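Keeping their order, the protein sequence lines are chains G and A. If you read the first sequence in the working numbering, its first letter stands for residue 1, the second for the next number, and so on. If you read the second sequence in the working numbering, its first letter stands for residue 1, the second for the next number, and so on. No residue lacks a Cβ here, since even glycine has one placed at the ideal position from N, Cα and C. None of the values given here were measured: they were computed from a predicted structure. Input: a single structure, listed below in structure tokens.
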Amino acid sequence: MKKDTNQKKKTSSIFGLLKLYVWQITFLSILSISVSGLGLIVPKIISRSIDAYINHSFVMRTLMLEFGVIILGVFVLTYLQSIMKTIASERVAKNLRNAIAEKISKQSYEFVERITPARLLTNLTSDIDSIKMFVGQAIASLISAVVVVVGAAVFLLTINWKLALAVLCIIPIIAVFFFFIFKRVKVLMTRSREVIDWLNKVINESVLGASLIRVLNSQAPETDKFTQANSEARNVGLKILNMFAALIPIIGFVANLGMLVILVLGGHFVITGSMSLGDFAAFNSYVVLLIFPILMIGMMSSMISRAQASYDRIKEVLDAEEDKEVGEIKADIRGLIEFQNVGVKYGQKNALKDVSFEIQPRTKTAIIGPTAAGKTQILHLLTRLISPTSGKILIDNKPIIKYYAPTLHMQIGFVFQDSIIFNLTLKENIAFGGVVSRNNLEKAIKTAELSDFINTLPEGLNTVISERGSSLSGGQKQRIMLARALVLNPKILLLDDFTARVDNKTERKILSNLAEDYPNLTLVSVTQKISSIKHYDKIILLMEGEVVASGTHEKLLATSLEYAQIYDSQKSTNHYE
Amino acid sequence: MHRFMIRKKVLITMNNYDLNNGVHESEKSLWVSVKKFFPFLREQRSQIILATISAFITSGLNLLAPILIGYTVDNYIQKGQFHGVLVYGAIILAIYIGSVISNYLQTLLMGRVGQNVLFGLRNMVFNKLANLPTAFFNQNKAGDLISRINNDTDKLNQFFSQSLVQFVANIITIIGGAIFVLMINWEIGLIALAPAVFLLIFTKILSPWIRQKNAINQKNLGNMSGEISESIDNFKVVVAFNRRDYFRKKFREVNNINYKSAISAGIANNTLAPTYGFASGIAQLLVIAFGLTFIASGNFTLGLLISFLAYISKIYNPLRKMAAIWSNFQTAFASWDRIHAILLLNSDLIKIPSVKTNPSSHVMEFKKVSFSYPGGKEVLHSVNFSFDRGKTYALVGPTGGGKTTTAFLISRLYDPIQGTVLLDGKDICSYNDDERTKKIGFILQEPFLFTGTVRDNIVYGNEEYSKFTNKELSKVIEEHGLKTLLKRFEGGLDMEVTATGNKLSLGQKQLIAFIRAVLRRPELIILDEATANIDTVTEKLLEDILKKLPKKTTLIIIAHRLNTIENADKIFFVNSGEIIKAGSMKHAVDMLLHGKRES
Chain G
1 MKKDTNQKKK TSSIFGLLKL YVWQITFLSI LSISVSGLGL IVPKIISRSI DAYINHSFVM
61 RTLMLEFGVI ILGVFVLTYL QSIMKTIASE RVAKNLRNAI AEKISKQSYE FVERITPARL
121 LTNLTSDIDS IKMFVGQAIA SLISAVVVVV GAAVFLLTIN WKLALAVLCI IPIIAVFFFF
181 IFKRVKVLMT RSREVIDWLN KVINESVLGA SLIRVLNSQA PETDKFTQAN SEARNVGLKI
241 LNMFAALIPI IGFVANLGML VILVLGGHFV ITGSMSLGDF AAFNSYVVLL IFPILMIGMM
301 SSMISRAQAS YDRIKEVLDA EEDKEVGEIK ADIRGLIEFQ NVGVKYGQKN ALKDVSFEIQ
361 PRTKTAIIGP TAAGKTQILH LLTRLISPTS GKILIDNKPI IKYYAPTLHM QIGFVFQDSI
421 IFNLTLKENI AFGGVVSRNN LEKAIKTAEL SDFINTLPEG LNTVISERGS SLSGGQKQRI
481 MLARALVLNP KILLLDDFTA RVDNKTERKI LSNLAEDYPN LTLVSVTQKI SSIKHYDKII
541 LLMEGEVVAS GTHEKLLATS LEYAQIYDSQ KSTNHYE
Chain A
1 MHRFMIRKKV LITMNNYDLN NGVHESEKSL WVSVKKFFPF LREQRSQIIL ATISAFITSG
61 LNLLAPILIG YTVDNYIQKG QFHGVLVYGA IILAIYIGSV ISNYLQTLLM GRVGQNVLFG
121 LRNMVFNKLA NLPTAFFNQN KAGDLISRIN NDTDKLNQFF SQSLVQFVAN IITIIGGAIF
181 VLMINWEIGL IALAPAVFLL IFTKILSPWI RQKNAINQKN LGNMSGEISE SIDNFKVVVA
241 FNRRDYFRKK FREVNNINYK SAISAGIANN TLAPTYGFAS GIAQLLVIAF GLTFIASGNF
301 TLGLLISFLA YISKIYNPLR KMAAIWSNFQ TAFASWDRIH AILLLNSDLI KIPSVKTNPS
361 SHVMEFKKVS FSYPGGKEVL HSVNFSFDRG KTYALVGPTG GGKTTTAFLI SRLYDPIQGT
421 VLLDGKDICS YNDDERTKKI GFILQEPFLF TGTVRDNIVY GNEEYSKFTN KELSKVIEEH
481 GLKTLLKRFE GGLDMEVTAT GNKLSLGQKQ LIAFIRAVLR RPELIILDEA TANIDTVTEK
541 LLEDILKKLP KKTTLIIIAH RLNTIENADK IFFVNSGEII KAGSMKHAVD MLLHGKRES
């Protein structure tokens, strides 16, 4: 069903893109026309010289002057044209990239996940490259080619229309060949793109999973996977080659036939006196001039179709709907959180079902439950990374969507489960939430127990952390993420399995620091360890997306079998805590 | 006693695998790069020779036509003999037909060479990567590596599939044309070729500059890719911390840098074409001027002049096309340099010859092992300890203390800088990869899944079980007591997962990693916080599963959670470069809570 509507959707032509750059394109066109136009005069000059020579009226100086001026003119104009081409194409590329980035920056996290980061990367790199080629080469070449072909045809017709018609027949023949072959090649080009995507995916995973591959010694199956994709790439490449291998020689042949026609028919006309030798030479020159542009037009059509395909992909991102609901409430929040029958559905699966609870401000709440119970989803809902498919979420008694998003984000700190560190300095990573005061920064660092670690670094806070934080341990990354959340002085702090990577001593210290330094905090912590949250104001037990029980630790022990079971499984070590 | 092979160097420095710290490739000459590439063409030798012969035939035939045309003009057209025109017309037609056939062969063969070389090159790079150790991947950005393998091989591909054929054909035509021209009239010929010589000198002078601009541009492109990747991958933090402006700003910065260097490179690449056009015009002018003069003095004919003009265009048109191809050529070989940098690297995890030793009671032993990461401080300092077969050990300690590093050394993802690691009494370096990885299982801290199904991931790297049907596999899973775990994945074995997706929770991913490792039945399993994100009830299940493993299986558990390590036979405390045995659980807890921390 969905596929049908996509096909019927009107695709905007890539030529529409050019409308935005009217001045540059016009200038470029004028330059191209001038260059080609001047080039067309050259054979005429040659033929006039030859004829003048035969008629003994040849003047060397005239020749040198006319010719010299023209080729100098062509040189200057061509140079200007190439500069123009570069600037125009790079500018189009830059602007398109910015437009896509702007668009992405306004979208939701769901959007980026749906389109997938890999595809967005391709959009921003190779798709833009195709369009750049289109603007930079195709346009100018196309205009030049058309000018030359039309101009040459006109000149030929004016010299001797009979011969000209005979010769110009080659154009439609070549056109038919191109059309025929390109139709079949187009399918292969799409397949080629798909295979490259496949190849990229295999390489990507081999690089990201490098450690695992070495632990399992699975280099052989990985290489097999790669060879498969690589072989398919070669197959498609060879198929496309087979098409082109036939095309180019045939076109060359047809062009050569044109030369032959000139020799025989033109020769006949010269012999019978209806054409001069100079004109004969000119005819030869013009046909030679014609061949290259005709080939150009053919080549360009493949560039154009590739660019169009890329443009279609980019348009999908650019035309995507934006979140229409823009909340307006900018108030300071107290921290009262309410979930009313909230459900989150992915396809058929219910990640969360009918979840309801209330969290009072300045309290500590823990969410406990088995793996994949939907705990992370609750936190994601609170930061509006995802939206509920049913139910309502209220903060301070107002629907969460009515809040101006930045207001919420400035007041809700989130520590993710997986470590996300940027390739910036430690300070910039922690102060990621925005401009922070020195006080807030120091307080956050102290609470997250990072001071000792920072002191061991030679450049302290200004040390640049490597990508994906690979020079840091799991616990260090988590603490940096905590500092990042705390530096905002949030009203609500969301911790997703925070203590999983942090040792007990540090964990205890951090929790007590939190209580001391951020007393007005509403804390929601997803965790596995009951011992650390025993004293929390509320514990919510989540299983398979549903709230099974909620209350204080004592109440749950008494009333919930599942909770008791979990507690039991941790009991033996409880006395060490 | 144990081994006779002593390492030649007492102190081994780890290889520098950082690709961006190497020699500046753009300084090397183009021909050096091209020469390094020749070995790849060796396999395709016969095809290349055939293609070249075809190219010679094609160009040769095409070059014959103008001279015949000129001859026809002089001897038949000017003399009014139409019959001769027809005869020579037929001859020329035959030549053209011959040239079509050879042209087709030439394009086909050369194109095949291109595709085969590309195929081989990609395989070679991938194989090289497969043989490099973990250190390589930690010292280089993933985005940069991926860019080198994807974009750089693609640039080579574009050159091979599009430009190469023309390149070869053009060279032959140019040389052939020059020969013909000199044969017709060497004086005018030399004059006509003078601009071409000037062009070659001009190009040689300009090339290094062009190359450099392209190299800078390509580097910036790589950077931009890397930045884009990072920002998009980390989008959820960008959103949750309301830093959409950071995303935009960062992007705009990189985009602008790229814009400037792209224009720089574009202008550089476009300096040649207009100059070639100009030279072509000058050549034509010279030919006409001198040609007409020579005709006047009787040393030349009009027919020859027309032939000459045709040859000039046959020389200068390809030259002009070459100017365009030249920049592709430069880009392709700049890419080749980047790829070659990878091919030059070698793994520093060498296998040393195996020596007969007495069987040891210890399954693993560290003797005076020291280790530090390149450019980092020492993580382990001359540590000594041993693990007995069949026991369960726990490694605890503050974060950043060296537990994961110890695990890396146990599984030989890294080699120690000093000291020896013994597996079953033999130097771990004397095992081949297959043996060692069958003996040692390692559940990594960050679970990694490949795009595919749950089943694909569970049997990944497992030769035996990969061949099982789902039914057989389910049976095996049941035998290991893993059945209940599978229930947590709706869709069971056939559920689809992606490498970079959030369909599965972190805990579920850890479960898959767990199942995968257990099915291999290694003698020694390392669990590096492998259950950190798994709830304690499930964790108990996992413990039961581990108990079902053969008695001689040694477990090494790295964890923070006390109930994860409560059943360990011995606990080791890893911190400040040292590994100390804890006397009891209480002692370990004591050390954890009160001991000196280092992180």
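- Under the Cβ distance rule, G/E102 counts among the residues neighbouring chain A, one pair being separated by less than 8 Å.
- Bounds of the beta strand (DSSP E) holding A/V396 are 392-396.
- A/G425 has its alpha-carbon roughly 59 Å from the corresponding atom of G/S130.
- Interface with chain A (8 Å Cβ-Cβ cutoff): G/K94 is included.
- Per DSSP, A/L422 lies in no alpha helix (DSSP H) segment; the continuous beta strand (DSSP E) that holds it begins and ends at 418-423.
- For G/L156 against G/F283, the beta-carbon gap comes to about 7 Å, under 8 Å, which counts as contact.
- Leaving aside the five residues that flank G/V524 on each side, the residues in its chain whose CB is nearer than 6 Å to its CB run, in chain order, T365, L494.
- Three or more Cβ pairs closer than 8 Å define a contact, and the segment 68-76 of chain G falls short of that threshold against the segment 245-256 of chain A.
- Contact of G/M243 with chain A is not assigned, every C-beta pair being separated by 8 Å or more.
- Taking the Cβ atoms as the reference, A/D152 lies roughly 4 Å from A/S335, within the contact range of under 8 Å.
- Beyond the five residues adjoining it in sequence on each side, A/M224 comes within less than 6 Å, by CB distance, of V254, N258 in the same chain, given in chain order.
- Contact annotation: G/I367 and G/L381 have beta-carbon atoms that are not nearer than 8 Å.
- Taking each of A/F198, A/Y414, A/T469, A/G577 in turn and checking the Cα distance to A/N384, the smallest one comes out for A/G577.
- Here G/S419 is near G/G474, since their CB atoms are less than 8 Å apart.
- Secondary structure of G/L541 (DSSP, three-state): strand.
- Counting along the chain, no alpha helix (DSSP H) covers A/S382; the unbroken beta strand (DSSP E) around it starts and ends at 378-388.
- The residue among G/Q107, G/I50, G/K538 with its C-alpha nearest the C-alpha of A/R244 is G/Q107.
- Nearest CB-CB separation between A/K219 and chain G: not below the 8 Å threshold.
- Residue state for A/K570 is assigned as strand, using DSSP reduced to three classes.
- Those residues of the segment 331-349 of chain A placed with their C-beta closer than 8 Å to a C-beta in chain G do not exist.
- Beta-carbon to beta-carbon, A/E529 and A/A559 are separated by about 6 Å, close enough to satisfy the 8 Å threshold.
- Chain A has a Cβ within less than 8 Å of the Cβ of G/S49.
- For the 8 Å CB-CB criterion, A/G397 and A/V117 do not form a contact.
- Using a Cβ-Cβ cut-off of 7 Å, A/L506 is close to Q417, D418 of chain G, given in chain order.
- Your pair A/M322 and A/N170 checks out as a contact, with CB atoms roughly 5 Å apart and the cut at 8 Å.
- The beta carbon of A/G89 falls within 8 Å of a beta carbon belonging to chain G, placing the residue at that interface.
- A/D569 has a beta carbon lying at 8 Å or more from every beta carbon in chain G.
- When Cβ-Cβ separations below 8 Å define contact, A/F468 makes no contact with chain G.
- For G/S105, at least one C-beta of chain A is nearer than 8 Å to its own C-beta.
- For G/Y109, the CB contacts under 6 Å within the same chain, skipping 5 residues up- and downstream, are L385 in chain order.
- When only Cα atoms are considered, A/V369 and G/V464 end up about 29 Å apart.
- The beta carbon of A/P522 does not come within 8 Å of any beta carbon belonging to chain G, so the residue lies off that interface.
- Per the Cβ contact rule, the segment 80-93 of chain G is in contact with the segment 11-30 of chain G (3 or more Cβ pairs under 8 Å).
- Within the same chain, S532 come within 8 Å of G/L511 by CB-CB distance, once the 5 residues on both sides are set aside.
- Look at G/Q308: its C-beta is not under 8 Å from any C-beta on chain A.
- When DSSP states are grouped into helix, strand and coil, G/A320 belongs to the coil group.
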